[in-house]
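Counting in my numbering, the sequence shown runs from 4 upward without gaps. All C-beta atoms, glycine included, are put in the ideal place defined by N, C-alpha and C. All values derive from a computational prediction rather than experimental measurement. Presented below is the structure to which this report refers.
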Amino acid sequence: MINMILKNSLHGAEPKGRWFEISAVEHCNLNCAMCSHFSPIAPKEFISLEQLAQDLKALYRLVGDNIDGLKVLGGEPLLHPQIAEVIYICKKYFPSKQLLLFTNGLLLDKMPIHFFDACKKCSAKVIITPYSPSIELSAKWILKLFNLGIKGDLSCDGQREFHKIPLDSTGSQNINWNWYEKCFLGGYCSLIQNGKIFPCTTVCKIAHLNSYFGTNYKVTSKDYFDLHNSELTYEDLKEFLKQPIPFCRYCNFNNFSTGNTWRISKKELNEWE
Ligand code: SF4
Ligand code: SF4
4 MINMILKNSL
14 HGAEPKGRWF
24 EISAVEHCNL
34 NCAMCSHFSP
44 IAPKEFISLE
54 QLAQDLKALY
64 RLVGDNIDGL
74 KVLGGEPLLH
84 PQIAEVIYIC
94 KKYFPSKQLL
104 LFTNGLLLDK
114 MPIHFFDACK
124 KCSAKVIITP
134 YSPSIELSAK
144 WILKLFNLGI
154 KGDLSCDGQR
164 EFHKIPLDST
174 GSQNINWNWY
184 EKCFLGGYCS
194 LIQNGKIFPC
204 TTVCKIAHLN
214 SYFGTNYKVT
224 SKDYFDLHNS
234 ELTYEDLKEF
244 LKQPIPFCRY
254 CNFNNFSTGN
264 TWRISKKELN
274 EWE
C-alpha cells in the first residue's frame, strides 16, 4: 500500500514512457546517503555532447512528439562544464517539449551568465531540491530565477524524502507484474545512457556499486532497450517499460522504507543493501 501511495504521489496517473532522464554527470558535490544514483561512490564522469546528440536524435526517431519532456539530472548537473550546451542540445532535438533541470542548488551562485541565458532561451525550468546545506539558498534562488525570467521551482523535501529499496545481492526476490506495478521508479522516468534506455536508475547506475564495493549485480541485454536499433518502435518501448526486467529480482520491496532523513553518506554498502 505504501508503495502505491508513494507511486501515486510521485507520478499521479502518469503513463510510463512519457519522460526521459539524462545524467549530465555521474558524481555530485553533495554526498547524500542512499542516493538512488549512487553518486557518492560514482567516479567523476561527464556526458559527452556527441553521445548526447546521437542519443537524442535516436530518441526522437523512436518517440517523435509523443513524449512530455526531458529531465536533466546527475549527480549534480551543474558540475558539467558545458551544462549550457547540454541544455541547448536537449532543446534542439525536442524543441516543443518540457525541459527540467534538477539541481541541489549549491553551485547556482557560481554559474556563468551563459548558463542562465541557456535556461531562459530554452525555457528550461530549474528545479531545486532543498537539502540541509542548501535550504536557505534554495529559497533565495527561486526569487532570483524569477527575476532573471527563468522558470524555477522547489522539488520534494530533500530533508525527509529519501526512499530506499534495499538491494538483495542474492537476486532471489519474486518478480511478477503486480509487484512491478508497485515500483515507483520502473518506466516512469526512463534513463538514457550510452545508447540504451533503462527503466530505472537502479539498473542504469548499478555499475558504480559494483565497482566501488566489488558486488556482482548482473545487467543483461534484457534489462535495457536498445535505442539505436532502428527496427524497434515506440510501441515496442512502451511494451518493454510495462514489464518487470530480470534485474528486478534484486529489489527487496518487503524492506522498502520511505521518509528517511537526509544525512551525509559514509560510503557504506548498507546505505543501498
Ligand atoms: S544531491 Fe542528489 S545526486 Fe547528489 S548525492 Fe544527493 S541525492 Fe544524489
Ligand atoms: S530494478 Fe525493477 S523493481 Fe528495482 S527499481 Fe528498477 S524497475 Fe523497480
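Item                                                                                                            : Value
Under the three-state DSSP convention, the category K19 falls into                                              : coil
Residue of T132, L151, F165, K167 minimising C-alpha distance to L157                                           : T132
Nearest candidate by alpha-carbon position, reference H40, set F259, I267, S260, T205                           : T205
Contiguous beta strand (DSSP E) assignments of at least 3 residues, all confined to the stretch 96-144          : 101-106, 128-131
Spatial neighbours of A127 in its chain, beta-carbon cut-off 6 Å, leaving aside the 5 residues before and after : I90, L102, L104
Whether K123 touches G152 by CB criterion (8 Å)                                                                 : yes
Own chain, CB closer than 7 Å to T223, minus 5 neighbours either side, in chain order                           : P249
Cβ of P115 within 8 Å of any chain C Cβ                                                                         : Absent from the structure is chain C; it holds one protein chain and no more.
Separation of W22 from Y191, as counted between CA atoms                                                        : 7 Å
Spatial neighbours of E48 in its chain, beta-carbon cut-off 6 Å, leaving aside the 5 residues before and after  : E29
Every unbroken alpha helix (DSSP H) within the stretch 223-263, with a cutoff of 4 residues, ordered by chain   : 237-245
Reduced DSSP category for K221 - H, G, I as helix; E, B as strand; rest coil                                    : coil
8 Å Cβ cutoff met for G189 and C203                                                                             : yes
E88 in three-state terms, based on DSSP                                                                         : helix
For V75, the nearest candidate out of R252, Q246, Q196 (CA to CA)                                               : Q196
Nearest-angstrom Cβ-Cβ length linking V66 and Y237, presumed shorter than 8 Å                                   : 5 Å
Which residues DSSP lists as bridging L194, in chain order                                                      : E24, F201
K94, DSSP secondary structure in three states                                                                   : helix
Spatial neighbours of E53 in its chain, beta-carbon cut-off 6 Å, leaving aside the 5 residues before and after  : none
Continuous alpha helix (DSSP H) stretch holding D58: start and end                                              : 52-66
Beta-ladder partner(s) of I267, from DSSP                                                                       : C35
Stretch-stretch touch, CB-based, cutoff 8 Å, three pairs: the stretch 135-153 with the stretch 163-182          : no
D68 versus L240 - alpha carbon distance                                                                         : 15 Å
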